[in-house]
Each structure stands twice: as C-alpha cells, then as structure tokens.
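Accompanying notes for the structure given below.
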Amino acid sequence: MLLKIEKRSEYSKAMVYLTPIIALALTVLASILLFELLGVNPIEALYQFFVAPLDTQYEFSELFVKATPLILCAIGLSLGFRANVWNIGAEGQLTMGAIVGSSLFIYFPETDSIFLLPAMIIMAAIGGAAWAAIPAFFKTRFNANEILTSLMLVYVALLFLSVLIHGPWRDPAGFNFPESQTFSESADMPILIAGTRMHFGTLLALLAVFGAWIMMARTLIGFQVKVIGEAPRAGGYAGFSQKKIIWLTLLFAGALSGIAGFSEVSGPIDQVVPSISPGYGFTAIIVAFLGRLHPVGIFFASLLMALTYLGGETAQINLGLPVAVTGVFQGMVLFFLLACDVLVHYRFRLNISRKATS
Amino acid sequence: MNNGGGTPQLELRGITKAYPGCLANDHIDLKIMPGEIHALLGENGAGKSTLVKIIYGVLEADEGEIFWAGNPVKIPNPHAARKTGIGMVFQHFSLFEAMTVTENIALGMSGRQDMAKLAREVVEVSNNYGLPLEPHRQVHTLSVGEKQRIEIVRCLLQNPKLLIMDEPTSVLTPQEAEKMFETLRRLSDEGVSILYISHKLDEIKALCHKATILRGGKYINECDPTQETAKSLAEMMIGTNLHAPEHSAQPEKGPVRLKVNNLNIDADIEFGVNLNTINFEVRSGEILGIAGVAGNGQIELLAALSGETRSKDASAISLDGKEIGQFGPNQRRNLGLAFVPEDRLGHGSVPEMMLTENAFLSGYSRMSLMNNGFINKGNTENYAVDIVKQFDVRTPGVNHTANSLSGGNLQKFIVGREVLQKPNVIIVAHPTWGVDAGAASFIHQTLINLAENGAAVLVISQDLDELFAISNRIAVISEGRLSVGRELSEITIEEIGLLMGGTHGMGEKTEAAHVT
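Residue numbers (the working numbering), protein chains in the order written: chain A, 867 to 1224; chain B, 15 to 530.
See the structure below:
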C-alpha cells in the first residue's frame, strides 16, 4: 500500500466541534457544483434552498414543524450511539408509535375526554419502545447485530401500517382512499401559535432535549451510557451492566421515535396515511452525528436538516429541481462529516520507504 | 549438531531497545551456530519478545549490530527478514479461518503463487518433515496443532536458515509438542538454526543445545541446558538477589477476610484458561502474592474475584464471612472490596474521560458521590483532588483525561482511588507494571500500610522481585490451578520457578529434573 492511514497520537478537541461547520461548507461547495451540472444558477438555487424557506413567519414556524420529529428521533438515537448501540430503525419505531398511538382514536373515535391525547402519547411511546425492544432482546439474548434487526423491522412496520390503512383502518366515508378518518379535536396536537402548524409536539421535543442533556451530564444512568460506550471493560469493572444499557437506550429511542411518529399523525397530517414520514427516522441518524451526539447540538442540527426539507420543496416549486435533491444534500452532509471525522482522528501518510531493503 | 568454532549463522552484538520509561533490551549479545537449537529463556517482561521482533524486523533496535553468517545486515521489516532467510512462527496464529491451507500459505508469501504447484510443495514439505497437512482443508476444521503446522510449513517453504519459534508449545497438547520436537530436531540435523523461546524448563532441557538467559532486559548468561538442572536454570531466569521485605517480619494476622473455596470457572473465550478448584484465604493484615506466567488463569481469577465473572456457587468466594460468589462488582465494592485491574487504560479507567469522572467510576457508591440520583460534582471533584494530592499524581488538573497521564501516574491515581475507599480487602493486579522505580516503591509502601492497618491484600504479579518484597505468603498459578500458599520464609525462588514452569507436585518431577 502506498497510502498509509495512521492514528494521530493527539487530535484537536476544537476540530471535533468545527467539523460540522467544515462539513457544511464542503456540502455547499459540492452542491454548487451539482447545481451547475443540473444547469441551474447555483446562487439562485442556494437562495431558494436556504433563505427563501424562511421568508415569512409561517414558513419559519414550518421549520419547527419539520424539526420536531427529527429532534425526538435523534435525541433517542444519540443515547444509543453514545453507548455503541447502533439502532438505525427509528423510522420503524416512529411508524409503530404512530400506529399504536392512533389506535386509541381509531377504535374510540367518539371519545372527547381531555385524557385522550395524553393517553395516545403514552401509547405511542409504548408502541415505539415495544418495537425497539425486539432488537434489544435479540441483541442481549443472541448477540444479534442490532443494525440489521432494527433496520429490517423498519420495513415490517411500514408494511404493517400499509395493511392497516388499506384494510381495517380505512375511513368508511373516505371514497376508498387508503386513509383513516381525520382526527377529532380531542385527538389533535394543540397548535402553539395560531395561524401556523407548530404544535405541542415541538414542546415535547424541547423537553426531550433538556431531559437528555440533564441525564447525560448529571445522572448515573448518563454516566453509565458514556462509560459503556467508551470503555465497556471499565464499565464491567464499575459494575455497570452492558445489557441494561442496551435495553435502556433502545427502549428510550423507541419511545421518543414513537412520540415523533404520533405527533406527525396527530399534528400536521391529522390522520393516518400510508406514508407518515419522509424518512425522518433515517435523517435523524445524520442529525445525531451532525449534532455531535450532544442534545443541544442535535437541536441545531435538526433545524438545519429541517431546512433542507423545506428548501428541497421550495427548489422543486420554484426551480423545477427534483425533490431527491434533499436526499442528495443530506447524504453529502453525512459523507463530508464522516470524512472530516476520519481526518481529525487519523492522518494519511505516503509510504515511500518501500524499496530500502536488500 | 553445532559445529564448534565456525561462523555463527546469526550474531547479535549490543542490541539495545528502549521504550518510553522502560529499557526492554540492554546491550544484549546472542550467537546462534548453524544447526543449533538455541533457547531464549526468561520471564515475561525479560525482553525476549522485543529481541525476537528486532531479529525479525518488526522493531528496529536503537543500538547494536546484527551479523548474518559473518556479514553485518540491516533488517528493516519482516519481508527483508524472510529474504535474508529468517522465518518466524508466532505464538498466536495469523490464519484466515474460512480459507484453505494452501490459500493461507500463499497469503503469507511474497509475490504471486501458482496454487497447484504450491499445493504439491506443501504436501512434499509437510511429509518430509513429519507435519502432515491436507492442502485443501479449510483452516477452521483443523486442530490447534495442525494450524501451527501451517505456520511452520509456511516458513519452511521459504528455505529458512533460521527459524524463530515463539512459545510454540503453549497451545499444544503434550503429544503434539513431542511431534513438533521431532520436526525441530530433523531441521537442526539439516543445518537449520532454531531460536526457541520459552520459559518451560523441562522442554528446553530436552530440546535445546544452548540457552541464552535474559532477565529484566539484560543478558545474564549463556549456558548448555543439558548440563544444567531445572533448578539452576530457574535460578538464572529469576535471579537470586531479591530484596528483603520492607515491612515488619511477622505482622499481626487477624481473621480471614477473603476466602476462596473450590472456585471453578470455565473460560468463555478461545485460548482462555479454566479455573480449576482454586482455594485460598487472605487474612486481615496479610499480603498474599500470586505468582505465575501470564496466561495461566490470572485474568480469569481476577474477573471472578472482582465480580465481572460470577461464579455459579455463592460460597465459592466469601468476604468477611459473607458469601459473595454471585454478587456483581458494585455489591462487592459496597462490602469493602477494592480492585485494581491489570489494564490501566480501558479497564481501570476510561481513557477519554477526565480524572474526576474516573474517580466517580469506582467511587460513586462507596464515597457517596450521588445526590438524589444526580452526580454530586463538588464531592466528586474533592475526591479526585484528594487522590491527586495524597498519592502524588502529577497532572495539571483533575479535569484532564486519564490517557494524558503517564503510566506510573495513572497507576498511582487508580491505586489511590481504591485505597481512599478504605477497603477491607484489596485485590491488585500487576501493581507496578511499567511504572518507574519511585512510583513503584510508593505503591508498594501504600499496600503494606494498608495491610498493617487491617486490610487483606491480594497481589497478582509476574514480577517475583515485587512479590518477594511485599508479600507475606506466595502461591503460584499455573494452567488454572493455584498452588498452596507458602510463607515467604518457607519457599525458595527455585521452587517458585519450577511451579511457574508448570512442574506440578513438587515431589517426583523435581527429582527427575535433577537426574541429567
């Protein structure tokens, strides 16, 4: 091998926090190239992507609407990632949360108790957590790789949703469209600011940010998560149970993702439809890393990723760009972020002294 | 056999290699004649591996010269070593389990190989030297002995003039070992020199023509092992000039604090060692030392004592009369058991975490560093500062990470963290491994003081000087069994050496070793 990758003996702490910004800058540069290739004026495209979506108060509130599920999923995932638990099935947990949470309304549509919504939120958390419990069980019992099991369960959840919505949950008065009936007022997430779609779920997301922050910084559980993630043997030495942490982080992520899914269904969408999320559960993985697995970082990273969703839509409407640009953009952010991370911790060296033998 | 006064196949002069804080090889000389089976004898940490790695080009010496058949050579990498005519069989194999014997051999050779031709050569060489191998078998279907044959055949295909064997019998059954000896003798008859690394005295006496003994990185002696007794070899290997203990001759021994009773644990990993009916007790005021060569069950015993591995039988381990065999580490700690693991970074501490967090790691419950479920940052920091002050840990501050400390300072921090928890029983693994002399004597004194204040101290170490300096009694662990603990005044270094070399049952085998 001519190129050698070796670990840096010391790496810069500042760089760890600068990498998201460098990655963003590189993404912008690469997207300029991309827009150029697509025959679109890059300046115009970047304007449509990042500035135009924030023009009005309504559009600004939309940023939080999109960021809410991202924050909830990413906070949950980040705890797992800190503990080396690679749950990438937030999308499935989100879907199951939406299904289980909505079931209360679907089967008791006439209820108008004020306890309906809280009960639905709790059910959603349980549904998401139960879905995440499956990979936790297989991981702790059979040492099955949670990356595979959690990912595969995403597709099971999506198909289960499809079965329900094309069958028993279809609105009888809905002209055979695969949709449930629209939620009653007591099953709706309350709107926070009149005239916008910003809903109660955003508060739950902020609560999750705050709670996770306290938990990681000040509690024994948070400490255990960090130790198990960084040095599992030291965790064993201190008497921390790796299995307990696997269960805990997966259930926690499942519950938060479940709430995220339900808050979409009961908030902006207002009914159960075959496609609840445009991939929030997967984007949340990028968000978690872009936010350096820190709750506050995740909050800002969620806003940024939410902006790419909005920007993608604006660019589609105003410039005729395909909506896939959003995905490309998000992919580039993750790619550059990971590449920068590698360069922070490792360096490349040309290996020239090969022929100095004999 | 060796042809007396000719040119040595390999000669080392004044080889020196220093690691930060440790002189691994200190001006070592070595001479191997063609066809000679030469033993490199020494305890773990004596510098054997470093020296061999220098010969095989894995490491570069800081000083010294290497002569090959009389000519000075440089060996910058293993590739060059193989070209020169040096082959090496490592203690741990580097084989791909899912590939065939021939494929594995081809991977270890330089350049492209004609697989069919190579397969024929493998069969030929393996039959010639009594190392039967089927070239198309997949490696995972082979026994450990057969896997080792692959490594040997891989070396032999390159027609080496010198074959280095690093503790080859440590993974073999006695029968497999005997077969391998025959092969080595045949190679020696054909003029191939063999450098044989081991600490098993019986083996060396049976096989080797010459032996070079290293101790603490220094060249001690060259001798003819067939003319020596196992006892005299052990003496040279371990050294006789041991310091007198620094503590009062016979301390007050109190009640039994730690009792291990018929502890059996099956290893859960490959190459792990099963613990076999381990029995011992440590009394208040006493330091029990457990000697032994690495890989004889120390890791497993430590895990069983700390609670990282739980025993099936609660009564297998008791602490102050309470049966704790099934308790986890934290429950044991709350009962007054403290523990300093062998591996400082990653086991005894979290490398990337600050000293305060690492103080919290083992101290949170016994030192009351929690406050209604929240981490009490103030108390945690005070605790970390106390450790740093009282144990003279050199660090710019307690908010620096564990991996920023030198080995000795981190060890002082970890020992301090455990000692400040006022343990009734403390278990310390390799307390001064890689620690400079000043820190080492400080740690020794700390352990002695702890014992004199009524704690029971268990020290597991490979460093016999250390064990003799601080222990009241010494036992030896070998192949998962523990010898009876003997008072320091009743046991000799030779006896320990023999026990360490795997000579069980002091009676007959010792006698056999004397008959030469």
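Even glycine gets a Cβ: it sits at the ideal position worked out from N, Cα and C.
Can you list, in chain order, the residues of its chain with a C-beta nearer than 7 Å to that of residue i? Leave out the 5 residues immediately preceding and following it.
i	result
A/Val-1191	Gly-1178, Ala-1181
A/Pro-1140	Leu-1027, Ser-1028, Ile-1031, Pro-1044
A/Phe-901	Pro-908, Ala-911
A/Ala-1172	Leu-929, Lys-932, Ala-933, Leu-936
A/Ile-1013	Trp-952, Ile-954
B/Glu-554	Nothing about residue 554 of chain B can be read from this structure; chain B reaches only from 15 to 530.
A/His-1211	Lys-873, Arg-874, Tyr-877
A/Asp-1207	Thr-885
B/Arg-297	Lys-267, Gly-268, Pro-269, Val-270, Arg-271, Ala-470
A/Phe-1112	What sits at residue 1112 of chain A in the sequence shown is Ile, not Phe. Closer than 7 Å at Cβ, skipping near neighbours: Val-951, Ala-1002, Lys-1005, Thr-1006.
B/Asn-417	Leu-359, Pro-365, Glu-366
B/Asn-372	Ser-363, Val-364, Ala-416
B/Ala-258	Per-residue confidence for B/Ala-258 stands at a pLDDT of 44, beneath the threshold of 50, marking its modelled position as unreliable; no derived number is given.
Throw me the rounded Cβ distance for the residue i and residue j pair, which I believe falls under 8 Å.
i	j	result
B/Gly-306	B/Gln-476	7 Å
B/Asp-40	B/Lys-232	5 Å
B/Val-115	B/Pro-149	5 Å
B/Gly-430	B/Val-449	No, B/Gly-430 and B/Val-449 are not in contact; Cβ-Cβ is about 13 Å, not under 8 Å.
B/Leu-351	B/Val-439	5 Å
B/Arg-531	B/Gln-435	Residue 531 of chain B lies beyond the range of chain B shown here (15 to 530); nothing can be said about it.
A/Ile-938	A/Ile-1125	This sequence places Leu at residue 938 of chain A; Ile is not what is there. Correct: roughly 6 Å between the Cβ atoms.
B/His-611	A/Arg-1099	The structure shown has nothing for residue 611 of chain B, since chain B only spans 15 to 530.
B/Ile-211	B/Leu-73	About 15 Å; that fails the 8 Å criterion.
B/Gly-377	B/Leu-383	6 Å
B/Asn-276	B/Leu-289	That belief does not hold up - the Cβ atoms of B/Asn-276 and B/Leu-289 are roughly 10 Å apart, past 8 Å.
A/Thr-961	A/Ile-1142	6 Å
Excluding the five sequence neighbours on either side, which residues of its own chain have a C-beta within less than 6 Å of the C-beta of residue i, listed in chain order?
i	result
A/Leu-869	Phe-1214
A/Leu-920	Phe-926
B/Thr-64	Lys-31, Ala-38, Asn-39
A/Thr-893	Met-1198, Val-1199, Phe-1202
A/Met-881	Val-1210
B/Asn-255	Interpretation of B/Asn-255 is limited by its pLDDT of 48, a score under 50 that renders its predicted location unreliable; the figure taken from the coordinates is listed afterwards. Taken in chain order, the list of residues that qualify is empty.
B/Phe-195	Leu-221
Counting only the same chain and skipping the five closest in sequence on each side, list residues whose C-beta sits under 8 Å from that of residue i.
i	result
B/Gly-125	none
B/Asn-118	Leu-109, Phe-110, Val-153, Ile-164, Arg-168
Can residue i and residue j be called in contact, C-beta distance under 8 Å?
i	j	result
B/Leu-228	B/Ala-60	yes
B/Thr-409	B/Pro-365	no
B/Val-354	B/Val-412	no
B/Ser-497	B/Leu-513	yes
A/Ala-995	A/Ala-1121	yes
B/Met-179	B/Glu-57	no
B/Ile-304	B/Ala-489	yes
B/Glu-236	B/Thr-226	yes
A/Gln-1047	A/Ala-998	no
B/Leu-198	B/Ile-51	yes
B/Gln-272	B/Ile-292	Checking the displayed sequence, the identity of residue 272 of chain B turns out to be Leu instead of Gln. No, the pair does not count as a contact, with Cβ atoms beyond the cut-off.
B/Arg-358	B/Gln-404	no
A/Ser-1132	A/Met-1055	yes
B/Val-139	B/Leu-177	no
B/Glu-25	B/Val-287	no
B/Gly-78	B/Pro-90	no
A/Gln-1050	A/Leu-983	A small correction: the amino acid at residue 1050 of chain A is Ser; Gln does not occupy that position in the sequence shown. Not a contact, by the Cβ cut-off of 8 Å.
B/Gly-144	B/Lys-193	yes
A/Val-1093	A/Gly-1105	no
B/Lys-175	B/Val-206	yes
A/Tyr-845	B/Pro-343	Limits of chain A in this structure are 867 at one end and 1224 at the other, which puts residue 845 of chain A out of reach.
A/Gly-1061	A/Tyr-1146	no
- request: Using a Cβ-Cβ cut-off of less than 7 Å, list which residues of the segment 492-510 of chain B approach chain A; keep chain order.
  value: none
- request: Name, going along the chain, the residues of the segment 1083-1114 of chain A whose beta-carbon falls closer than 7 Å to a beta-carbon of chain B.
  value: Arg-1084, Thr-1085, Leu-1086, Phe-1089, Val-1093, Glu-1096, Ala-1097, Arg-1099, Ala-1100, Gly-1102, Tyr-1103, Ala-1104, Gly-1105
task: Could you run through the segment 378-410 of chain B and flag, in chain order, every residue whose CB is less than 9 Å away from some CB of chain A?
output: Tyr-378, Ser-379, Met-384, Gly-387, Phe-388, Ile-389, Lys-391
- prompt: Three or more C-beta pairs closer than 8 Å, one from the segment 1074-1086 of chain A and one from the segment 934-942 of chain A: is that the case here?
  reply: yes
query: According to a CB-to-CB cut-off of less than 9 Å, which residues of the segment 342-372 of chain B neighbour chain A?
result: Gly-342, Pro-343, Asn-344, Gln-345, Arg-346, Arg-347, Phe-353, Pro-355, Asp-357, Leu-359, Gly-360, His-361, Gly-362, Ser-363, Val-364, Pro-365, Glu-366, Met-367, Glu-371, Asn-372
message: If the cut-off is 8 Å on Cβ atoms, which residues from the segment 314-342 of chain B count as contacting chain A, listed in chain order?
response: Ser-320, Gly-321, Glu-322, Gly-342
- request: Compile a chain-ordered list of the residues in the segment 63-80 of chain B whose CB is closer than 7 Å to at least one CB of chain A.
  value: none
field: At least three beta-carbon pairs within less than 8 Å, the segment 1082-1093 of chain A to the segment 967-977 of chain A
entry: no
message: Check whether the segment 984-994 of chain A and the segment 962-973 of chain A touch, using three or more Cβ-Cβ pairs below 8 Å as the test.
response: yes
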